[in-house]
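Protein chains in written order, with the working numbering: chain A, 43 to 154; chain B, 51 to 238.
The beta-carbon is built from N, C-alpha and C at its ideal position, and this holds for glycine as well.
Quantities reported herein were computed from a predicted structural model and do not represent experimental measurements.
Worksheet: one structure, shown below.
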Amino acid sequence: MLILECPYCGVKAEETELAAGGEAHLKRFGPGSSDDEFHDYLFMRENPKGVHFERWRHANGCGKWFHAARCTMTLEVFGTYTAQTSVPTQEIIDKIAAKRPGWTWREFADEK
Amino acid sequence: MSKAVSVLNGAQYTGLAKVEDAGLQGMITLRGDLGSSALKAAVKAATGAEVPGQGSVNVAENGAVAWMSTDELLLLVPYEDAVAKTAEVAEALKGEHALAVNVSDARAFFRLSGEGAREVLGKVSPVDFDEAAFKAGQFRRSRLAQVAGAFWLNEDGSFYIVCFRSVGEYVFKLLSTAAHPQSKVGVY
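In structure tokens:
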């Protein structure tokens with residue numbers, strides 16, 4: 043059972059109270075972009091064994107979207123953070139680095 | 051106008067706990083900046099209660115205010131006053147980025163009381179109802195089996211439950227089944 047803490051209402055919500063929203067931090071390329079870029083935006087998804095970033099919605103609750111960073115292998119949750127960001131917050135990056143040194147995910151990685 | 055009745059018109063069931071249709075209740079959904087002083091004043095004027103903190107409810111003599119999310123409140127007022135109070139709140143918040151809507155007839159309102167109240171609600175909701183975890187004055191939006199619902203705990207150990215009126219009958223039957231006298235689990 044996955045338990046995520048909603049950063050908006052502070053509730054430790056378990057999976058059935060939440061709705062999964064797929065991969066986080068997708069970048070949609072604007073006017074002038076190539077077909078390949080649009081194709082990748084639509085279809086190409088990460089399927090990592092380890093650190094992963096996702097969007098979740100506290101559907102049976104405050105109704106807000108938020109981001110979560112977790113490990114797909116151990117189901118360990120590194121943390122949840124605001125939806126109003128296009129990159130993981132520094133706090134989350136540091137938390138993951140402390141537990142999974144050398145992690146990478148798309149363009150994000152352990153900075154050390 | 052036709053006579054307004056609550057979803058189950060005062061139905062009751064007594065088992066492990068007492069489940070009752072709590073009757074008509076005026077409810078106003080208010081969205082806006084909860085930190086704004088104009089909004090705080092309007093809420094106080096409409097309900098007599100202060101804007102509550104995260105995950106809690108403030109009850110006053112003739113009304114209550116519940117924290118629904120970072121930008122939403124649920125105002126509880128007497129049913130007869132809901133239309134007038136909604137207009138008052140809207141008037142007081144003119145120019146603010148806020149919206150008040152009278153949702154009284156879109157909601158059902160239940161009261162769950164008695165010794166088994168925590169247990170009955172615990173059976174249908176993924177929330178920790180331990181006495182140390184869920185205290186009086188706490189307000190929680192969650193789900194009741196398959197539908198969305200919200201509830202808070204009163205000082206006397208009873209819960210008030212709010213859900214959509216369209217699923218009111220479902221929630222009443224759900225709580226009644228969970229309160230069946232021979233279904234005690236004894237967790238809380």
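Query: Proximal chain A residues relative to Q188(B), where beta-carbon distance stays under 7 Å; Result: Under the 7 Å cutoff, chain A gives no residues; its nearest Cβ is about 11 Å from Q188(B).
Query: Simplified DSSP state of L225(B), which is helix, strand or coil; Result: helix
Query: Cβ distance (whole Å) where A99(B) is taken to contact A91(B) below 8 Å; Result: With a Cβ gap of about 12 Å, A99(B) and A91(B) do not count as contacting.
Query: Assigned secondary structure, V93(B) (DSSP; H/G/I helix, E/B strand, else coil); Result: helix
Query: Spatial distance of I211(B) from W202(B) (CA atoms); Result: 7 Å
Query: Opposing strand residues paired with E59(A) [DSSP bridges]; Result: In the DSSP output, where bridge partners are listed per residue, E59(A) has none listed.
Query: Pair within 8 Å by beta-carbon distance, L123(B) and A132(B); Result: no
Query: Cβ contact check for the region 65 to 72 of chain B and the region 164 to 182 of chain B: 3 or more pairs under 8 Å; Result: yes
Query: Chain-ordered chain A contacts of S119(B) [CB-CB under 9 Å]; Result: Y50, C51, H100, G103, C104, G105, K106
Query: Any C-beta of chain B under 8 Å from that of E59(A); Result: yes
Query: DSSP beta-bridge partners of I135(A); Result: According to DSSP, which records beta bridges pairwise, I135(A) is partnered with nothing at all.
Query: Residues sharing a beta bridge with M77(B), DSSP; Result: L126(B)
Query: Nonlocal neighbours in the same chain, by C-beta distance under 6 Å from E56(A), ignoring five residues either side; Result: M43, I45
Query: Interface partners of S241(B) on chain A, CB under 9 Å; Result: Residue 241(B) cannot be examined here, being either before or after the span of chain B that is shown, 51 to 238.
Query: Nearest-angstrom Cα separation, counted from L74(B) out to C104(A); Result: 24 Å
Query: Chain A within 8 Å of P176(B), Cβ atoms only; Result: yes
Query: Span of the alpha helix (DSSP H) around L171(B); Result: 167 to 174
Query: DSSP three-state assignment for G187(B), whether helix, strand or coil; Result: coil
Query: Contact belief for L224(B) with A148(B) at Cβ below 8 Å, rounded distance in angstroms; Result: With a Cβ gap of about 34 Å, L224(B) and A148(B) do not count as contacting.
Query: Selection from A156(B), T97(B), L80(B), N108(B) that minimises the alpha carbon distance to T120(B); Result: L80(B)
Query: Exposure of F71(A), with buried meaning 16 or more beta-carbon neighbours within 10 Å; Result: exposed
Query: Test: G105(B) CB closer than 8 Å to a CB of chain A; Result: yes
Query: Cutoff 8 Å; reference S226(B); Cβ partners in own chain excluding five residues on either side; Result: Y63, G65, V69
Query: Member of G85(B), V237(B), Y129(B) whose CA lies at the smallest distance from the CA of R157(B); Result: Y129(B)
Query: Pick from M86(A), H81(A), G52(A) that is closest to G64(A), judged by C-alpha positions; Result: M86(A)
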